[in-house]
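Data first, discussion second: the structure below is written as structure tokens.
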Amino acid sequence: MEKAKVNGIQLFAMMFMFNLGTAVVVSYGIEAKKDAWLAILLGMSLGVGLFFIYYRLFCHYPKLPITGYARKILGNYLGWIVGLFYVLYFLQIATRQVRDFSELLVSSTMTETPLLAIQISFVLVICYVLYQGVEVLARTAEVFIIILFLLGMAGNFFILVSGDFELHNLRPFLENGWKPILSTAVLESVHFPFGEMVVFTMLLPYLNKSGSVKKVWMSALLLSGLTLSWTASLNIAVLGVDVMERTTFPTLATIGKVNLLEFIQRLDAIVVFTMLITVFFKGSLFMYGAVIGIVDLFKLKNHQQILLPVGGIIIFSAMTIATNFSGYMAEGKEGLRPLVFPIILYFPALLLIVSMIRNHLKQKMN
Amino acid sequence: MIMKIFLLHKSYKIFLCILSILFISGCWDSNELQDFSIISGIGIDKGGDDPENRFRTTVQIINPSIVSGGQQAGSVQSSPVTTYSETGSTLKEALRKISNEAPAELFFPHIQIMLIGEELAKEGIDELFDVVERDPKFRVLFPVLIVKGHTAEDALKVSTSLRPIPSAKIEGSLQSSKEIWGEYPSTRADQAIMKLGEGSAAITGIEINGDVEKGNQTANMQEISQSTKLEIKGLAIIREGKLEKWLEGDPARGVVWVNNEMEETVMNLDCPEKKDAIAIDIGRAESIIKAKVKKDKPVITIRINAEGSVSETHCSMELDKDETIKELEKQLRNEIEEEVQAAIKTLQEEKSDVFGLGEYINIEEKNYWKKIKDKWEEEIFPESKVNIEVHATIRRTGMKVKSYIK
Amino acid sequence: MNTWGRMFKKKTQNVFNDETDSSSIEYDLSPSLEDNIEKVREALGHSGDLILREFEMGKPLIHKVATIYLNGLTDKDLMGNLVIEKLMADIHVVENKEGDWPPDLIGAYVKDHLLTATHVEVAIDLKKLLSLLLSGQTIVLIDGWNQAFACASQGGEIRSIQEPTTESSVRGPKESFTESLITNTSLIRRRIKSPNVWLETRKLGKITQTDIGVMYINGIANEKLINEVRERLDKIDVDEIQGSNTIEEWIADDILTPWPTIMTTERPDVVSGNLLEGRIAIFVDGTPIPLIVPATWNQFFQTAEDYYLRWNISVFLRFIRIISFLITLLGPSLFIAFISFHPELIPTPLLINLAAQRQAIPFPVIIEALLMEFTFEVLREAGIRMPRPVGQAVSIVGALVLGEAAVSAGIVSSAMVIVVAATAIASFTIPHYSMTDAVRLLRFIMMILASTYGLYGIGLGVILLVSHTVSLRSFGIPYLAPFAPLVVADQKDAILRLPKPFMKNRPRLVSQKKTNRIDSKKGEPLGEGNE
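As structure tokens, then:
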């Protein structure tokens, strides 16, 4: 762990952009068809539940990341293994971010560039930022959230004004009943991206005012949930459910439809930049979580020395985890499910319960 | 900070190697503008009967130096556009084969228009749009037209004045026709895709007036009254991907009314002595569709609101009196209702729901819709009752009240 | 923080070897006048501008006296009136009926009663004497007395106060600094007549012995900051100080960054404004440009003019400057990216025009861009070096003729000329040229990134730049304050400029004290911020 301090606004910025991640560009929540927005909001509420588990654990151990208090709660050996799982999870998701972004870029605008070129440059930039420490990452987030906000405002404004927004594409409400909404919320929305916020348990010890964890996390969660829900509805309203289901990057398609005054057209760049910023932060945060986890588990002196090797691992895995895009997406949906739920739910719940039992026993003994 | 890595870690050498690879190996996507042939229009025709030359594609390539402020060229020697055609089993193949003839790599993102030949349309246009959706280079906002009576190849060969790029001219006429006359809607590729995915679609047509061979020359462009012209005409009803029928006149206008695409137009009303002697400029129009299910049968109500002003009269009417205006309004209502009625009738006959009325039923009664969804176009739509309510208002009479005509 | 300084501290740059510090200077003055004079002459190598005046004082017992001064450094009238005249004229006072005065009493008498110079210092060794002599003071040596007196008589030709050349203003004062340290500090004192304006002087530079003045307002400036400045100045151990830039490079936090972390200015009103906000000014004798520390990024986009115009136009102008900054930084790169990588994102009519222009150009876009940018930099540099009458011709020739000719010859496209010209003009709106220099360098990096990766490259470049900028500190203050970390209270004067009645508090980050501007009570120092 570094000696660094992050303030509330910076943490909020990081969390918000993290949550937007790739979800703001892909067809997120579309399994619930026209009610995707509702599924997302439900997933967000479940994410609030998850947060409370993490929060309780944080209150017990405000100075330790999850790899740290896993060891305290479950003992050195068992806890170490659990910590290792988390590190591996973080690495896996970081890899997915890198691959996601390079796929987006290659399939939409730069079709001839090899994935490796984009991935290497992306990971190198992340390494540079992380080298300087989490404070620099946090301050960069502060600057970029303003840029993101402006981009988002501009994009939304143009879409709404261009007249492609047809509210009746979103009706009828509950077209297919509650079942798809609930199943989407529980199976999809909760772990992507709200559950992924578990990586922030590695960062909470840096917050300068520990009392504001609740405020920051909750506001970031709610705001990002609302944004994602709004984006999904926007996409459905403009494109229609069928088209959105079939499109790999619906937000890109939506912004492509804007054509005002024959001059404000072809605004794809807004979405590409948005994705660059959000995926950058998501990837850096996961990589940072992994790096700090490794430093914690293997008792290294500082995090700089392990940065480039971890970056190398990520680049290598990003190239090898899937050979084609369809397989890659399928793996993301079904393949990861057995891995994800233990990480975001079962382990933290287990840790919390064990920790509460131990405290209870300790109090009894006193 | 960076200096510390450089001087302290050996890995900086690896870092430098990687960095140089990135910069030296070349920019894969970097292209020069002059290496592109910018395509302004694309045409698809039926090629032959065997799978090898299923489609014949034509591209219209812009010659930028003639088109842009190249007034220094003086008299127009070379043509502002050039076309090339090729056949292939898939559109992509045919397009890439054109590179044998075209001087540079084809550049698709700036396509202004897509033309489909009538013959091909009769056989089916369903599959044509997959490449448009899938390929990132095609942007889906361009209009699609079906060429009536000729091939798309021929249509792309006709030169035009006032807008030297023919595709731009076609797109311009489409746009202004929709805005000012309102007989034919403009169908963008993305709208066409949405409609084709769900059921029937209506796509505007284009006709060549005159001799194609003469149109192929720049001389055509230089004449004051061109001998060969391109005209937007006809609305094609596509059912199950195939061209079924051409609509013109009242039914076509009815489609535009119902689709909420009517912006400005002119309606002619009768004088006591003369027919069609008063012109009303319609300034605003709106259509609101509602559906209800009564006794297990859908009832659709289309309400049209229109607003206009008197712009031309050929008889003397007392336009300063409220009653006269109310009379005219009544006539206007009937006229609009007739047009919409004509459209609904024809489409019910053709069993094509190009308006997407089914969606409105879905919005109101989704469970009912689920039951009848598959039978909608074939059976239920032709039998459904469609009520038309028109509210028309005439607000003004222009700069004069009574006409000078006695 | 001072990594560069630490690395090089041991190797001080010795231009000469240590013989300059020879023992010949470590010499205590002897009572013999001849010896002293000889030593002084030797030390200065019998320089031609060393003027010696020997005369006699007193009656009837004559004491030999000598005055030594350096021609050009002294005000001869002062010297004549206050020193020589007094020593020569007041003869009667030196009479002693009882005999000769003992030497020490003579010395004391001369110093306390005769020398009417405004300031008299005593030197007992040659080193001090030389130092005083070289400052322009007149040395008085009395035969039999082993001390020397140095009388203040600094004068000589210095530049008068003129209008600022680089930072002109329409409505504000039109004074700028000169090369004399004392004049400069006096300009500040005239503006802030508070006793809390403190000046610490020192001499830096073993050979040049340049006077450095550190000025701040006690009670407003942060003590830690002042100590930091003192420490860093102490670490400077060089032979020469060539202008304020030398000091800047020695005490800056990170000189590898393109961004300037220390502000420079020519105007006294800028300095006084910054002092009142808790910053520290460092004056260097011989340079009309003092340094102001600490400096944050947004300061480089503020001009003194902002405070003399109304607030609404100032806000507008500041926005224009920031946008011009973005144009300069990203203009050519965006152009390259769009043309090379993403022509599908350009509206069609524009694309057709651009394509038409590029038909005849033999170079790829990046080469063309680099060529034009390079040419412009050459023109800019040439314009500065040109003697003034010719300068006009160069700009006209360069801009119009070269540009036109290049386009007609088909070497560059007109669009590129427009982009380059717009970039250059935008860069002139940035008030401080140190920031302009930074942007000039950075845009080349952006262009290379754009030519390799297109818009994605520009995005990466921006991320790299922001994260690098965010990691900088200027004397402990984060460089991008008050944006990152966000200090809402300081936003009133960062990009916006609210009307004066709204700006009640000083920038919190710099002084770290809760100080109220309007109702100036001295506040308590705040606890540590989130730094």
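Protein chains in written order, with this note's numbering: chain A, -10 to 355; chain B, 103 to 508; chain C, 9 to 539. Each residue gets a CB set at the ideal place from its N, CA and C atoms; glycine is no exception.
Proximal chain A residues relative to M465/B, where beta-carbon distance stays under 8 Å: Position check: residue 465/B holds Ile in this sequence, whereas Met was assumed. In chain order: H157, R160 and P161.
Chain B contacts from the stretch 88 to 111 of chain A (Cβ-Cβ distance under 8 Å): Cβ contacts with chain B: S96, S97, T98, M99, T100, E101, T102, P103, A106, I109 and S110.
As assigned by DSSP and simplified to three states, the class of V401/B: strand
Distance, Cα to Cα, K396/B vs F483/B? 14 Å
Contacts of D131/B in chain C (Cβ-Cβ under 7 Å): F349 and G462
Complete beta strand (DSSP E) runs within the stretch 172 to 236 of chain B (minimum length 3 residues, chain order): 183 to 190, 207 to 209 and 215 to 219
Taking 8 Å as the CB-CB cut-off, is E385/C touching chain A? False, the Cβ-Cβ gap to chain A never drops below 8 Å.
Assign S139/B to one of three DSSP states: helix, strand, or coil. The three-state secondary structure of S139/B, taken from DSSP, is strand.
Selection from F157/C, I220/C and G152/C that minimises the alpha carbon distance to K136/C: F157/C
Tell me which residue opens and which closes the beta strand (DSSP E) that A289/C is part of. From DSSP, the beta strand (DSSP E) with A289/C extends over I288 to V292.
So with CB distances below 8 Å, who are the chain A contacts of R241/B? G245 and R255
If I follow the unbroken beta strand (DSSP E) through Y117/A, where does it start and stop? Counting along the chain, Y117/A falls outside any beta strand (DSSP E), though it belongs to the alpha helix (DSSP H) covering L104 to Y120.
Given a threshold of 16 other Cβ atoms within 10 Å of its Cβ, counted over all protein chains shown, does E412/C qualify as buried or as exposed? exposed
Using the C-alpha atoms, what's the distance from V409/C back to G176/B? Note that G176/B scores a pLDDT of 49, beneath 50, so its modelled location is shaky; the value from the coordinates is reported in the next line. Separation of G176/B and V409/C (C-alpha to C-alpha, rounded to the nearest whole angstrom) is 25 Å.
To the nearest angstrom, how far is the alpha carbon of A312/C from that of R448/C? 23 Å
Measure the alpha-carbon distance for K353/A versus M345/A and round it to whole angstroms. 12 Å
Helix, strand or coil for H493/B, going by three-state DSSP, please let me know. In the structure shown, H493/B sits in a strand (DSSP, three-state: E or B).
Could you confirm whether any beta carbon from chain B is found closer than 8 Å to the beta carbon of T356/C? yes
Thinking C-beta only, is A408/B closer than 8 Å to I402/B? no
For F185/C and S194/C, I'd like the C-alpha separation in whole angstroms. 10 Å
List, in order along the chain, the chain C residues whose C-beta lies closer than 9 Å to that of Q136/B? A363, R366, Q367, A368 and I369
For S302/B, is the classification buried or exposed, using 16 other Cβ atoms within 10 angstroms of its Cβ as the cut-off for buried? buried
What does S122/B reach in chain C if we use C-beta pairs closer than 8 Å? By Cβ distance, chain C contributes nothing, its closest Cβ being about 12 Å from S122/B, past 8 Å.
Of all the CB atoms in chain A, is at least one closer than 8 Å to the CB of G411/C? Not one chain A Cβ lies under 8 Å of G411/C.
Could you name the residues of chain B that E177/A contacts, counting a contact when the two beta carbons are closer than 7 Å? Residues of chain B passing the Cβ test: none, with the nearest at roughly 23 Å.
Tell me which residues share the same chain as E274/C and place their Cβ nearer than 8 Å to its Cβ, disregarding the 5 neighbours each side in the sequence. P172, T173, T174, E175, S184, F185, P296 and I297
Starting from D89/A, follow its DSSP beta bridges and name the residues at the other end. According to DSSP, D89/A bridges with nothing at all.
Where P486/C falls: helix, strand or coil (DSSP): Correct three-state label for P486/C: strand.
Between the stretch 75 to 93 of chain A and the stretch 449 to 463 of chain C, do at least 3 Cβ pairs fall closer than 8 Å? no
For I59/C and L86/C, what's the separation of their Cα atoms in angstroms? 15 Å
Given that V373/C touches chain B, what residues does it touch there, using C-beta distances under 9 Å? Going along chain B in sequence order, the residues near V373/C (Cβ under 9 Å) are S132, E134 and L135.
So for R61/C, helix, strand or coil by DSSP? The DSSP-derived three-state label of R61/C is strand.
For M369/B, does the count of other Cβ atoms within 10 angstroms reach 16, so buried, or fall short, so exposed? Only buried fits M369/B, as 16 or more other CB atoms lie within 10 angstroms of its CB.
Using a beta-carbon distance below 8 Å, is S170/B in contact with chain C? Yes, its Cβ sits closer than 8 Å to a Cβ of chain C.
CB-CB under 6 Å to Q217/C, same chain, minus the five flanking residues each way: which ones, in chain order? K211
Comparing C-alpha positions only, which one of C159/C, I147/C, A116/C and S139/C sits nearest to T126/C? Comparing Cα positions, the closest option is C159/C.
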